[in-house]
Every structure is written in structure tokens, then in C-alpha cells.
Amino acid sequence: IILDELEMEYIGQVPKFNFKNNVDGMDVSFDVNSIQIDAGKYSREITVYFSNNEWSSSIEVPCKYTITKAPLTVIANDAERQYGDENPDFTCTYFGFKNNENENVLIKKPTISTMATKESKAGMYDIIPTNAEAKNYTLSYERGTLTINKADQSIVWEQVFDKAKVGEQIELLAKASSALDIKYSVSDESIAEIYTSNGKKYIDCLKEGEVVIKANQSGNEN
């Protein structure tokens, strides 16, 4: 039997050799345990079995073959979070595994990182996979996107004004969870008006009546 020299891409299975059988009437099979399936260049002897209905035998046949690494793409999955939160755990999707293999065959799993930190502004940032290692695969990488959404904010205002008196000036103490400055407005400026003194907001009670005071924070880029 003569085995043709073989070059093939890694498939995770025993390679199929082309051969010429010079023994008429005999079936030919190979000892799969003597055949390397990992990527590499091999020059070795392979056990070949001959058999028919009455007789069987085996011989060691010289063989040269090369298995090249298969391409494997590592794709960073997109993710999102709110401004001010910690980054989520990043994950990857793989395209190109052979013979039902998965990331467990990697010598080293990819590092997945981003330049975005907890303090980064709302926007879109690259998620970058790198530094994976594999015995039988040539690795390429595709970036994902981390979307940092604007954070929700709320206003807490626990002041009670039912005892306000005409002529009184009351500091307004609403607080926004964003810590951004709050704007105030009144429903009737003839009854009360808002003013600022030394960076603080006050309501000036001008005359008797009922007025609605509103606290508002319209947000910013985050």
C-alpha cells in the first residue's frame, strides 16, 4: 500500500488518506490510535490492516502528513449598563470550532476588556477580546460594543411648608440623586418667588395664599 502525502486543515477527526492498494481482493483499514489528529507536521509509520473473509494481517506503512490550524473567530458580545455602574462581566461567542468542540479546548481563554470605567461618560465603547491561545486554531478577533446609558435620577424633597408665614424666607432643600443642581419654580410669583443667595435657593413668602413649588433637574450628558 502507498499513502499519498496529505495536507489538510484541522477537523478534530482522523484524517482521511488517499492510498493505492497493491494487494488485490483485500480490504484496507487504519489503526486510528496510531494517527495524530492535532495540528502539526508528521512523518511516522501508521498501522494498516489488510483483511478478507479468510485472512487478515497488518503492517507499518511510512506516512507524511500535515494538519494546519483551523481559523477560529472570537467575537466579543455587546453589553450595556447605566452611567455610574460597574462594568458587567463580558462574554464571547466563538465561530469556527470543529467536531462539536467548544471553548474548553482552548489553552488560554481570551482576555476581554474595555477602556470604559465606572466614571466614563454615557456613550459607546469598544469591548476588546485578546490573548487567547489554542493548539489547533488560528485566532482572529472581533470587537463588541459597551453602551453606557444615561443613569436614572430622582429628587427627594421632604420639607413641609404648611407653617410658612408671610415675610419668611425658607431655604429649599430638595436633593437630586445625581447631585446636579436643582431648579425651582412657583405657580404664582405674586404669592412667592424663588431667589438665590450665596449659592443656595430660597423661597420668599410675599403674601397670603396657596402656591405650588416644583423642583426639577433636567439632567446632563450622563
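At the far end of the sequence shown sits residue 1436, using the working numbering, and the numbering has no gaps.
Beta carbons: idealized from backbone N, C-alpha and C, even for Gly.
message: Taking the beta carbon of Ile1273 as the centre, do at least 16 other beta carbons fall within 10 Å, making it buried, or is it exposed?
response: exposed
Proximity winner among Gln1250, Asp1238, Val1237, relative to Lys1230 (alpha-carbon distances): Gln1250
field: Between the CA atoms of Glu1317 and Ser1265 - distance to the nearest angstrom
entry: 40 angstroms
field: Where Glu1435 falls: helix, strand or coil (DSSP)
entry: coil
- prompt: Which one of Cys1306, Gly1358, Glu1315 has the shortest CA to CA distance from Ala1330?
  reply: That would be Gly1358, whose Cα lies nearest to the Cα of Ala1330.
field: Beta-carbon spacing of Lys1278, Ala1253 below 8 angstroms
entry: no
query: Which runs of the beta strand (DSSP E), 3 residues or longer, sit entirely within the region 1224 to 1278?
result: 1241 to 1244, 1254 to 1265
query: Which stretch, first to last residue, makes up the beta strand (DSSP E) that contains Val1288?
result: Annotation for Val1288: the continuous beta strand (DSSP E) segment containing it runs 1284 to 1290.
task: Work out the CA separation of Lys1332 and Asp1292 for me, nearest whole Å.
output: 17 angstroms
- prompt: Which runs of the beta strand (DSSP E), 3 residues or longer, sit entirely within the region 1374 to 1423?
  reply: 1383 to 1385, 1397 to 1400, 1406 to 1411, 1414 to 1419
message: Looking at the secondary structure, which residues open and close the beta strand (DSSP E) in which Ser1354 lies?
response: 1351 to 1356
- prompt: Closest to Ser1399 by CA distance: which of Tyr1409, Ser1392, Ala1390, Asn1247 is it?
  reply: Tyr1409
query: Based on Cα-Cα distance, which residue from Asn1301, Asp1299, Val1380, Glu1372 lies nearest to Ser1451?
result: Shown here, the chain extends from 1215 to 1436; a query on residue 1451 therefore has no answer.
task: Note down the Cα distance separating Ser1432 from Tyr1297, rounded to an integer number of angstroms.
output: 16 angstroms
- prompt: Are the beta-carbon atoms of Ile1281 and Met1222 separated by less than 8 angstroms?
  reply: yes
- prompt: Using 8 angstroms as the Cβ pair cut-off and three pairs as the minimum, do the region 1413 to 1429 and the region 1306 to 1324 touch?
  reply: Not touching, per the Cβ criterion.
query: Taking only beta-carbon atoms, is Thr1352 less than 8 angstroms away from chain B?
result: Here there is only one protein chain, and chain B is not present.
message: Looking at the strands, I want to know which residues DSSP matches up with Tyr1308.
response: Val1288
Outcome for Ala1393 when other beta-carbon atoms lying within 10 angstroms are tallied against a minimum of 16: Taking a 10 Å sphere around the C-beta of Ala1393, we find fewer than 16 other C-beta atoms and assign the residue as exposed.
- prompt: Using the rule of at least 16 other Cβ atoms within 10 Å of the residue's Cβ for burial, across every protein chain shown, is Leu1360 buried or exposed?
  reply: buried
query: If you draw a straight line from the alpha carbon of Tyr1263 to that of Phe1311, how long is it in whole angstroms?
result: 32 angstroms
task: Whole angstroms is fine: what's the gap from Asn1247's alpha carbon to Asn1301's?
output: Using only the alpha carbons, I get a separation of about 47 angstroms.
- prompt: Does DSSP put Asn1363 in a helix, a strand or coil?
  reply: strand
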